[in-house]
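Chemist:
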Amino acid sequence: GIGILGTIIVGILCGHCIHILVETSRGCCRKEKKPMLGYAETCKSTFSNGPKCVRRFANAASIITEFALTCTYVGVCCIYTVLISDSIKQLVDRYAPSFIIPSEYYSLIMLIPFCVLCQIKYLKWLAIFSLLANILLVATYLICLYYIFGGEISFADKVAVGNPARYPAFLSTVIFAMEGVGVVMPVENEMKRPKHFL
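In the working numbering, the protein residues as written are 238 to 435.
#1: Starting from residue 389, trace the alpha helix (DSSP H) in both directions and tell me its first and last residue.
#2: Can the beta-carbon of residue 464 be found closer than 9 angstroms to that of residue 299?
#3: Distance, Cα to Cα, residue 392 vs residue 380?
#4: Who are the Cβ neighbours of residue 323 in its own chain at under 6 angstroms, not counting the five residues just before and after it?
#5: Could you tell me which uninterrupted alpha helix (DSSP H) segments, each at least 4 residues in length, are contained entirely in the region 269-354, listed from first to last along the chain?
#6: So the alpha helix (DSSP H) residue 423 belongs to, where does it begin and stop?
#7: Report all residues from its chain with a CB closer than 6 angstroms to the CB of residue 252; omit the five preceding and five following residues, and keep chain order.
#8: Inspect the CB distances between the region 291-309 and the region 324-339 and report whether three or more fall short of 8 angstroms.
#9: Kindly confirm or deny that the region 245-265 and the region 401-417 touch, where touching means at least three C-beta pairs closer than 8 angstroms.
#10: Ignore the nearest five residues each way along the sequence and tell me which others in residue 247's own chain have a CB closer than 8 angstroms to its CB.
#11: Could you please give the first and the last residue of the uninterrupted alpha helix (DSSP H) stretch that includes residue 412?
#12: Buried or exposed: residue 377, going by 16 or more other Cβ atoms within 10 Å of its Cβ?
#13: DSSP three-state label for residue 263, please.
#14: What is the rounded straight-line gap between the Cα of residue 291 and the Cα of residue 284?
#15: Between 293, 363, 382 and 383, which lies nearest to residue 427 when the distance is taken from Cα to Cα?
#16: Tell me which residues share the same chain as residue 315 and place their Cβ nearer than 6 angstroms to its Cβ, disregarding the 5 neighbours each side in the sequence.
#17: Mind reading off the beta-carbon distance from residue 318 to residue 344? Whole number of angstroms is fine, and I expect it under 8 angstroms.
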């Protein structure tokens, strides 16, 4: 119960915050008379044009923002590498049990396609990979729904509200899954018609 409702609420909040970020960036672009601003530049401009008491923190805000984004996305890349490597290892262990190698080697093997993908400079060239990922995601959802509703559903052993001590883990998982705030500004800045972003 809480999981579905909580996911919807977090999704609405994330969407609202992204909307505020884009609108703020557009306002800062007008004030700075620049065609586009990145995330850190938007933070710096916001502080520079804000109340007098926070203007001196403009450079610090920019540096902290860059540092936080870097840490976030290095962490996200590490998590995805481990997640994909472990998933591939589980598949190989199931269908080729005689082929045994540690999961660290799978992570090393995954570096090759990841490095190739990282060489793509323009976001428009990533569109085909995004389309493929979305198709696979929809297929995964359909397979999950098939297994969920294909068998007999029993709510006897389920609880409507989970342990409150697990809420932080739930929130961090949901935010990790749906929050891509670091890519919002680059995507908008790469668009032919950025006004169509929202």
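Cβ atoms here follow ideal geometry from the backbone N, Cα and C, with glycine treated the same way.
Modeler: Result, derived from the coordinates:
#1: Mapped onto the sequence shown, residue 389 falls at position 152. Careful: residue 389 lies outside any alpha helix (DSSP H) and carries neither H nor E.
#2: With the chain covering only 238 through 435, there is no way to say anything about residue 464.
#3: As a working mapping, residue 392 is identified with position 155 in the sequence shown. As a working mapping, residue 380 is identified with position 143 in the sequence shown. The alpha-carbon atoms of residue 392 and residue 380 are separated by roughly 21 angstroms.
#4: In the sequence shown, counting from the first residue as 1, residue 323 sits at position 86. Cβ neighbours of residue 323 beyond the five flanking positions: 340.
#5: 276-285, 289-292 and 295-332
#6: As a position in the sequence shown, residue 423 is number 186, starting the count at 1. Residues 418-427.
#7: What you label residue 252 is simply residue 15 of the sequence shown in a count that begins at 1. Result list for residue 252: empty, nothing under 6 angstroms.
#8: no
#9: yes
#10: Within the sequence shown, numbered from 1, the residue matching residue 247 stands at position 10. Counting only Cβ-Cβ distances below 8 angstroms, and skipping sequence neighbours, we find 408, 411, 412 and 415.
#11: In the sequence shown, counting from the first residue as 1, residue 412 sits at position 175. 404-415 is the span of the alpha helix (DSSP H), which, as asked, contains residue 412.
#12: Position 140 of the sequence shown, counting from 1, holds the residue named residue 377. With fewer than 16 other beta carbons inside 10 angstroms of its own, residue 377 counts as exposed.
#13: As a working mapping, residue 263 is identified with position 26 in the sequence shown. Here residue 263 sits in helix by DSSP.
#14: Residue numbering aside, residue 291 sits at position 54 when the sequence shown is read from its first letter. Residue numbering aside, residue 284 sits at position 47 when the sequence shown is read from its first letter. Whole-angstrom Cα-Cα distance: 6 angstroms.
#15: Looking up residue 427 in the sequence shown gives position 190. Considering only alpha carbons, the answer is 363.
#16: For the purposes of this step, residue 315 is taken as the residue at position 78 of the sequence shown. None.
#17: Residue 318 sits at position 81 when you count from the first residue of the sequence shown. Residue 344 sits at position 107 when you count from the first residue of the sequence shown. Yes, residue 318 and residue 344 are in contact; Cβ-Cβ is about 5 angstroms, under 8 angstroms.
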